[in-house]
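In the numbering used here, the protein residues as written are 414 to 715. Glycine included, each C-beta is placed from N, C-alpha and C at the ideal position. These numbers come from a predicted model, not from an experiment. Notes for the one structure printed next.
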Ligand code: TA6
């Protein structure tokens with residue numbers, strides 16, 4: 414049952430800094446105002462926008478995105494858990510897991526002063542999730558808005574047996590033109606390509622420049638990355654912790670046309686550089702254990 418935004422405002426609202434309303438599709442939406450401003454839907458705890466001052470937006474949203482219970486939002490920052498990509502054993506299950514399809518609870522909002530405001534969201538396993546992924550877990554996801562955007566996902570194992578999971582933050586970064594940007598930070602790192610469709614491991618030999626559909630999972634890397642975008646006269650710096658994989662994706666022309674919730678031309682203005690623990694970098698959690706993955710996004714004028 415969608416949350417009551419009036420009650421959310423009385424429980425968690427902060428005058429001029431944190432308020433709830435109903436956004437697209439009538440879904441509950443939180444607006445967070447620190448030095449930057451962000452919008453977060455309770456559906457998937459999905460950050461759909463962030464911008465700092467009069468800079469261009471950090472993130473892209475598809476004009477054709479769905480905003481409906483049980484469907485993923487296209488664009489912004491999908492949170493992928495308890496699996497990233499296709500389910501390893503059952504292709505009937507939704508790609509990128511269950512968390513982005515569910516309504517999260519608000520667990521707290523904190524105005525830490527000096528232009529930083531953070532909101533925490535929680536999600537626990539349910540009979541619905543257990544049917545699709547037989548484990549008891551709790552997630553705490555914290556979005557912090559200041560001059561930069563910081564996202565942090567804590568996964569807790571709430572059962573008596575260990576479990577392994579994969580996860581990702583899947584941000585759609587706004588770029589001027591994908592054909593004119595470079596991604597640095599992954600030089601020398603081994604990667605697998607879904608486009609090539611083999612398990613062969615390649616090694617990145619320099620800054621990444623895209624010239625077609627690109628879907629690469631870089632493994633065993635804790636490196637920060639930069640997206641260098643001369644057209645927007647900025648870098649986007651991606652710092653991370655608790656993550657050993659980075660994924661670089663752009664659908665290009667043909668895949669974009671096949672995606673019904675994505676405009677045919679929208680591929681030119683986005684790139685996903687995803688902080689992840691993908692297959693090959695699974696996270697193992699013992700009973701009672703926890704794991705935190707974190708990413709910080711900052712735009713730097715060139
Ligand atoms: O992260 C790259 C990827 O796994 C691509 O293969 C593509 O499927 C993309 O995610 C989008 O996934 P989605 O479920 O949001 O359409």
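- Query: If we ignore side chains and look at the alpha-carbon of each, how far apart do residue 460 and residue 585 end up?
  - Reply: Counted from its first residue, the chain shown places residue 460 at position 47. Counted from its first residue, the chain shown places residue 585 at position 172. Each residue's Cα considered, the two are about 10 Å apart.
- Message: Could you compute how far the alpha carbon of residue 504 sits from the alpha carbon of residue 546?
- Response: Residue mapping note: residue 504 aligns to position 91 of the chain shown, counting from 1. Residue mapping note: residue 546 aligns to position 133 of the chain shown, counting from 1. Looking at the backbone, the Cα of residue 504 and that of residue 546 are separated by about 13 Å.
- Quick one, which of 494, 675 and 619 has its alpha-carbon nearest residue 488's? Counted from its first residue, the chain shown places residue 488 at position 75. Closest option to residue 488, Cα to Cα, is 675.
- Taking the alpha helix (DSSP H) that residue 540 falls in, what are its first and last residues? The residue labelled residue 540 in the question sits at position 127 within the chain shown. Here the alpha helix (DSSP H) through residue 540 covers 540-545.
- Message: Classify residue 611: buried if its beta carbon has 16 or more other beta carbons within 10 angstroms, exposed otherwise.
- Response: Here residue 611 refers to the residue found at position 198 of the chain shown. It counts as exposed.
- Between residue 421 and residue 432, what straight-line distance do the alpha-carbon atoms span, to the nearest angstrom? Reading the chain shown from its first residue, position 8 is the one you call residue 421. Reading the chain shown from its first residue, position 19 is the one you call residue 432. Distance between the alpha carbons of residue 421 and residue 432: 8 Å.
- Query: Per DSSP, which one or two residues make a beta bridge with residue 555?
  - Reply: Along the chain shown, read from residue 1 onward, the residue named residue 555 stands at position 142. For residue 555, the pairing in a beta bridge is given by DSSP as 533 and 565.
- Under the assumption that residue 623 contacts residue 591 (Cβ atoms under 8 Å), give the Cβ distance between them as a whole number of angstroms. As a first step, residue 623 must be located in the chain shown, where it is residue number 210. As a first step, residue 591 must be located in the chain shown, where it is residue number 178. About 6 Å; that satisfies the 8 Å criterion.
- Query: Where do the N-terminal and C-terminal ends of the alpha helix (DSSP H) with residue 669 fall, by residue?
  - Reply: As a position in the chain shown, residue 669 is number 256, starting the count at 1. The continuous alpha helix (DSSP H) containing residue 669 extends over residues 665-671.
- Looking at C-alpha atoms only, which residue of 669, 620, 582 and 680 is the closest neighbour of residue 652? On the chain shown, residue 652 is found 239 positions in, with the first residue counted as 1. Closest in alpha carbon position to residue 652, among 669, 620, 582 and 680, is 582.
- Message: Rounded to the nearest angstrom, what separates residue 477 and residue 682 at their Cα positions?
- Response: Along the chain shown, read from residue 1 onward, the residue named residue 477 stands at position 64. Along the chain shown, read from residue 1 onward, the residue named residue 682 stands at position 269. Going from the Cα of residue 477 to the Cα of residue 682 covers about 15 Å.
- Message: Please classify residue 697 as buried or exposed, where buried requires at least 16 other C-beta atoms within 10 Å of its C-beta.
- Response: As a first step, residue 697 is located in the chain shown; it is residue number 284 there, counting from the start. Within 10 angstroms of the beta-carbon of residue 697 lie fewer than 16 other beta-carbons, which makes it exposed.
- Would you say residue 766 and residue 442 are within 8 Å of each other, going by their C-beta atoms? One cannot answer for residue 766 here, as it falls past the ends of the chain, which runs 414 to 715.
- Task: Tell me, please, which residues DSSP counts as bridged to residue 550.
- Result: Looking up residue 550 in the chain shown gives position 137. BP columns for residue 550 point to 570.
- In this structure, does DSSP put residue 679 in helix, strand or coil? As a working note, residue 679 is residue 266 in the chain shown. In this structure, residue 679 counts as helix in the three-state DSSP scheme.
- Whole angstroms is fine: what's the gap from residue 643's alpha carbon to residue 594's? Taking the first residue of the chain shown as position 1, residue 643 is located at position 230. Taking the first residue of the chain shown as position 1, residue 594 is located at position 181. Spanning the two alpha carbons is a distance of roughly 7 Å.
- Task: Below 8 Å on the Cβ atoms is my guess for residue 524 versus residue 427; work out the distance and round it to an integer in Å.
- Result: As a position in the chain shown, residue 524 is number 111, starting the count at 1. As a position in the chain shown, residue 427 is number 14, starting the count at 1. About 5 Å; that satisfies the 8 Å criterion.
- Closer than 6 Å by C-beta to residue 440: which residues in its own chain qualify, once you throw out the five before and the five after it? Chain order, please. On the chain shown, residue 440 is found 27 positions in, with the first residue counted as 1. Cβ within range, chain order: 454, 456 and 480.
- Message: Please determine whether the Cβ atom of residue 685 lies at a distance below 7 Å from any heavy atom of the ligand TA6.
- Response: Position 272 of the chain shown, counting from 1, holds the residue named residue 685. Checking every heavy atom of the ligand TA6 against the Cβ of residue 685, one is found closer than 7 Å.
- Message: Classify residue 417: buried if its beta carbon has 16 or more other beta carbons within 10 angstroms, exposed otherwise.
- Response: Position 4 of the chain shown holds residue 417. Exposed, because fewer than 16 other Cβ atoms sit within 10 Å of the Cβ of residue 417.
- Task: Could you tell me if residue 541 is buried or exposed, where buried requires 16 or more neighbouring beta carbons within 10 angstroms of its beta carbon?
- Result: Within the chain shown, numbered from 1, the residue matching residue 541 stands at position 128. So residue 541 ends up on the exposed side.
- Message: With H, G and I counted as helix, E and B as strand and the rest as coil, what does DSSP make of residue 715?
- Response: Counting from 1 along the chain shown, the entry for residue 715 is found at position 302. In this structure, residue 715 counts as coil in the three-state DSSP scheme.
- Query: Would you call the stretch 598-614 and the stretch 547-561 in contact, with 3 or more CB pairs under 8 Å?
  - Reply: Verdict: no, contact absent.
- Closest Cα partner of residue 664 within the set 677, 502 and 703: Residue mapping note: residue 664 aligns to position 251 of the chain shown, counting from 1. Of 677, 502 and 703, the residue nearest in Cα terms is 677.
- Hey, would you say residue 556 sits closer than 8 Å to residue 564, going by beta carbons? Here residue 556 refers to the residue found at position 143 of the chain shown. Here residue 564 refers to the residue found at position 151 of the chain shown. Yes, the pair counts as a contact, with Cβ atoms nearer than the cut-off.
- Going along the chain, which residues of its own chain have a beta-carbon closer than 6 Å to the beta-carbon of residue 615, five neighbours each way excluded? Mapped onto the chain shown, residue 615 falls at position 202. Cβ neighbours of residue 615 beyond the five flanking positions: 604.
- Query: Do residue 460 and the ligand TA6 come close, with the Cβ less than 7 Å from some heavy atom?
  - Reply: As a first step, residue 460 must be located in the chain shown, where it is residue number 47. No, Cβ of residue 460 sits at least 7 Å from all heavy atoms of the ligand TA6.
- Query: Distance, Cα to Cα, residue 701 vs residue 537?
  - Reply: Taking the chain shown and counting its residues from 1, the one referred to as residue 701 is at position 288. Taking the chain shown and counting its residues from 1, the one referred to as residue 537 is at position 124. Straight-line Cα distance between these residues: approximately 14 Å.
- Item | Residues of its chain near residue 673, where Cβ-Cβ distance is below 8 Å and the 5 sequence neighbours each way are ignored | Taking the first residue of the chain shown as 1, we reach residue 673 at position 260. Excluding positions up to five away in sequence, the list reads 477.
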